[in-house]
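Here is the structure we will look at.
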Amino acid sequence: MALKPDLGLSQYDLWTIKKTLAAGDLVGSVTLSKDEMEWYIIPKMERSGIHSITKTTLLGGPFVTVENIASNEGPRLVRLILSHGQGPPHYGSYSFMMGWPDIVTSKKLKARDTIGLCWDRWAGRFKFMVIDIA
């Protein structure tokens, strides 16, 4: 009997969060997966020195920078607020606010488009790209 070890040679996927946009994500803010944020992103952000994610502030959370790595489509860097929902109906969820509509407009995002996000710990910001167009 021959052994067939898994060599783990699958292609590297940069995007730790992939989100297929719903119509509600195109107006005002976009909701991000609580589990993916708390498992993959928040620990890296905290190691980068951003510690106030779960603290409620006047604006709802810390300002973060999102880098559009397809820079020929809209602004390259956008400042957003990363909000952590403290009450119903968004208890525990995360969302990008204030500035997200600028990304929606510049990228001409539509429902069912898929975006990718990851945290760049060296630059201290999110990387963003549209990875599938509806």
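Heads up: the sequence shown begins at 368 in my numbering, then just goes up one per residue.
Ideal Cβ placement from N, Cα and C applies to all residues, glycine included.
All figures in this text were calculated on a predicted structure; none of them were measured in a lab.
C-beta contact flag for residue i and residue j at 8 Å
{"i": "Lys401", "j": "Thr481", "result": "no"}
{"i": "Lys475", "j": "Glu434", "result": "no"}
{"i": "Gly428", "j": "Ser450", "result": "yes"}
{"i": "Thr398", "j": "Arg479", "result": "no"}
Rounded separation between residue i and residue j - CA only
{"i": "Arg446", "j": "Thr472", "result": "15 Å"}
{"i": "Ile436", "j": "Gly483", "result": "11 Å"}
{"i": "Thr423", "j": "Asp469", "result": "Note that Thr423 has pLDDT 46, beneath the 50 cutoff, so the model's placement of it is unreliable and the number below is only indicative. Taking the straight line joining both Cα atoms gives about 24 Å."}
{"i": "Glu413", "j": "Lys477", "result": "32 Å"}
Sheet register partners of residue i (DSSP bridge)
{"i": "Ile448", "result": "Phe430, Met464"}
{"i": "Val397", "result": "Phe463"}
{"i": "Val497", "result": "Ile482"}
{"i": "Arg492", "result": "Asp487"}
DSSP state of residue i mapped onto helix, strand, coil
{"i": "Lys411", "result": "helix"}
{"i": "Ile436", "result": "coil"}
{"i": "Thr383", "result": "coil"}
{"i": "Lys475", "result": "coil"}
{"i": "Ala389", "result": "coil"}
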